[in-house]
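Heads up: the structure comes next, in structure tokens.
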């Protein structure tokens, strides 16, 4: 066969395989058998191996790329991936509708509802119709690049179907495992002594985070699109039209979705849909309700965490009654003491429940719950069960008293003046806190030391081989071989992981240290500002609060941490071990907002609040939610609120939407 004929044949085979993928995953109307599909794939692979110059990255044969990923690269979302507020009753639904009606005035929206798929959120970016990036949700602003893994999911198109796709399209959706596929996979795992997953969502999450895409490819994952993150070169007047357009481009759209013309239809459908959801092939823990019209969505905008125009309706969860046999006090890495009810085992939603959360001692007082009482417990989805109320008080009930001593170390325990929680303040010597701190140090997002799980940590602590995270870097192979958990190769692998963690950037180290009020996002902000740990450790609270995201409470917590003796010793030991305490310099973004901190107020006609803020960050600026002395610029849209008058009083520069669009210019 000549190269020209091979090129033509390869193109036809690629298109035919893509068409059958679309028929199978999107239309649920397969036209060929699995064997016939495999024959097409084999023929394509054969031709591509004979003519390697004709092999393209978006070929169906390239879903599984070679090689193992050392770690996933952080990527910024063009617009934040927000979460949804929950609605759990008809009363909540009425409240949500009434709040939105106040914003919308005389406008009467229509609605869409979709199954709230209990899967793992992911973002897909297409440039000129070709998949160029797949990412996790992460913290909503920053995710991780898992393109190689997402490409292995056959329901995700690598190339979009005609008509012409937008120049740039970022869509969001859920990666899910069907219930039947989950059962079959767990059976296969059991037979091969592999890991058994607790539920389909955990299985999907674990499968997506594999460092070898070949493992992800072996798992029965599917993808359903549910929203638009960013689009250029196309507009969608309604959410329903967006979903229809996505289906036409080749994306699977959730099988349960409806368009409703008014609030009456919405309420009737929502309250009657629970039984329909139970029949779906995947786990669905409720409905997602969205206002359909894009202009109305823009009027409503978003809060810091969620869009006002969308909400998750969650149905009544599984409940059961049982007796409290006792209370277990669990001490976390920050010293918080959590009471957990030790229950008479009971079946709840098909799962045997032995423990349930009592949250805190104020909640115990509110519920008036005692040991020996019969209580109502609730289990929602895969969330830890909780005690709802006392069903029958026992005459022999024993009061559950708040602890005066830590159950782990015997040190003083008291209620934190800033919180409802009781806390052990002996962070240096408390075994439970030390255990949690080391586990946090090794966790994903921190040092990410594979192989250092709870069993290994417990073994190392029991043998007194470690007392802190710094001691991990003194471990030798002979130390690990003293534990039954470790054979020769496993010990080598763990030591290699520990050694690799020395090169993690400062942002990871700051998060791993477990400083109170410093999560992953705050750790990144601090690392980008100070670049190396000594600069941060020596900073005053005033210097820290110059950063828009850092308030006085966070600044004081960081300041205090670096002056505690155990923290000083820990950092000294880590330096001696060779820990990298620096943040690599990023290429500074350029643009009209460079060096500016921008606040938005009111409604913009062209962009939602989240989109506008993302544009500012992309063009070199920072954003904040409140007007303070740190702000350089206020963008005032229609119906600007109190922020406008406050900005004028403080002398902050104010521009309108027209001026904002002019500044954005080609950057938009």
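Numbering (this note's numbering), first residue to last: 17 to 684.
Note that beta-carbon positions come from the ideal geometry of N, C-alpha and C, so glycine has one too.
{"Query": "So the candidates are 639, 286 and 652; which of them puts its Cα closest to the Cα of residue 105?", "Result": "286"}
{"Query": "Which class does residue 675 belong to by DSSP, given the choice of helix, strand or coil?", "Result": "helix"}
{"Query": "What separation, rounded to the nearest whole angstrom, lies between the Cα atoms of residue 255 and residue 273?", "Result": "11 Å"}
{"Query": "Could you please give the first and the last residue of the uninterrupted beta strand (DSSP E) stretch that includes residue 261?", "Result": "That residue, residue 261, is in no beta strand (DSSP E); its alpha helix (DSSP H) goes 255-265."}
{"Query": "So which of 26, 306 and 198 has the shortest CA-CA distance to residue 101?", "Result": "306"}
{"Query": "Which whole-angstrom value is the C-beta distance of residue 663 and residue 643, which I expect to be below 8 Å?", "Result": "5 Å"}
{"Query": "Would DSSP call residue 94 helix, strand or coil?", "Result": "coil"}
{"Query": "Can you round the beta-carbon distance between residue 353 and residue 347 to whole angstroms, since I take them to be within the 8 Å contact cut?", "Result": "6 Å"}
{"Query": "Could you pull the start and end residues of the alpha helix (DSSP H) that residue 223 belongs to?", "Result": "216-224"}
{"Query": "I believe residue 530 touches residue 395 by the beta-carbon criterion, under 8 Å. Please report the beta-carbon distance rounded to the nearest angstrom.", "Result": "Residue 530 to residue 395, Cβ: 30 Å. No contact."}
{"Query": "For the pair the stretch 497-505 and the stretch 546-560, tell me if three or more CB-CB distances fall below 8 Å.", "Result": "no"}
{"Query": "Alpha carbon to alpha carbon, how far is residue 261 from residue 268?", "Result": "11 Å"}
{"Query": "Does the Cβ of residue 201 have 16 or more other Cβ atoms within 10 Å, making it buried, or fewer, making it exposed?", "Result": "buried"}
{"Query": "Quick one: Cα of residue 705 to Cα of residue 632, how far?", "Result": "Because the chain in this structure spans residues 17 to 684, residue 705 falls outside the shown range and cannot be described."}
{"Query": "State the Cα-Cα distance for the pair residue 311 and residue 375, rounded to the nearest angstrom.", "Result": "42 Å"}
{"Query": "With three or more C-beta pairs closer than 8 Å as the rule, is the stretch 110-125 touching the stretch 239-248?", "Result": "no"}
{"Query": "Tell me the rounded alpha-carbon separation between residue 445 and residue 143.", "Result": "54 Å"}
{"Query": "Near residue 147, what residues of its chain come up, given a Cβ to Cβ distance below 6 Å and the 5 sequence neighbours on each side ignored?", "Result": "174"}
{"Query": "Hey, residue 184 and residue 145: beta-carbon distance below 7 Å or not?", "Result": "no"}
{"Query": "Span of the beta strand (DSSP E) holding residue 139?", "Result": "136-143"}
{"Query": "Buried or exposed for residue 682, please, with buried defined as at least 16 other CB atoms from any protein chain shown within 10 angstroms of its CB.", "Result": "Unreliable positioning characterises residue 682 in this predicted model, as indicated by a pLDDT of 46, which lies under 50. The coordinate reading is nonetheless provided below. It is exposed - the Cβ of residue 682 has fewer than 16 other Cβ atoms within 10 Å."}
{"Query": "By a C-beta neighbour count over all protein chains shown, 10 Å radius and 16 as the cutoff for buried, is residue 610 buried or exposed?", "Result": "exposed"}
{"Query": "Is the stretch 474-484 in contact with the stretch 435-454, if contact means three or more CB pairs nearer than 8 Å?", "Result": "yes"}
{"Query": "Let's see if you can read the secondary structure: which residues bound the alpha helix (DSSP H) around residue 147?", "Result": "Premise fails: residue 147 lies in the beta strand (DSSP E), 146-152, not in any alpha helix (DSSP H)."}
{"Query": "Hey, how far is the Cα of residue 70 from the Cα of residue 467?", "Result": "41 Å"}
{"Query": "Quickly, what does DSSP pair residue 616 with across the bridge? List them, please.", "Result": "651"}
{"Query": "Hey, would you say residue 139 sits closer than 7 Å to residue 217, going by beta carbons?", "Result": "no"}
{"Query": "Could you please give the first and the last residue of the uninterrupted beta strand (DSSP E) stretch that includes residue 288?", "Result": "Looking at the DSSP string, residue 288 is not in any beta strand (DSSP E); the run it does join, the alpha helix (DSSP H), is 279-288."}
{"Query": "To the nearest angstrom, how far is it from the Cα of residue 408 to the Cα of residue 387?", "Result": "12 Å"}
{"Query": "How is residue 517 classed by DSSP in three states: helix, strand or coil?", "Result": "helix"}
{"Query": "Going by the CB atoms, is the gap between residue 443 and residue 351 shorter than 7 Å?", "Result": "yes"}
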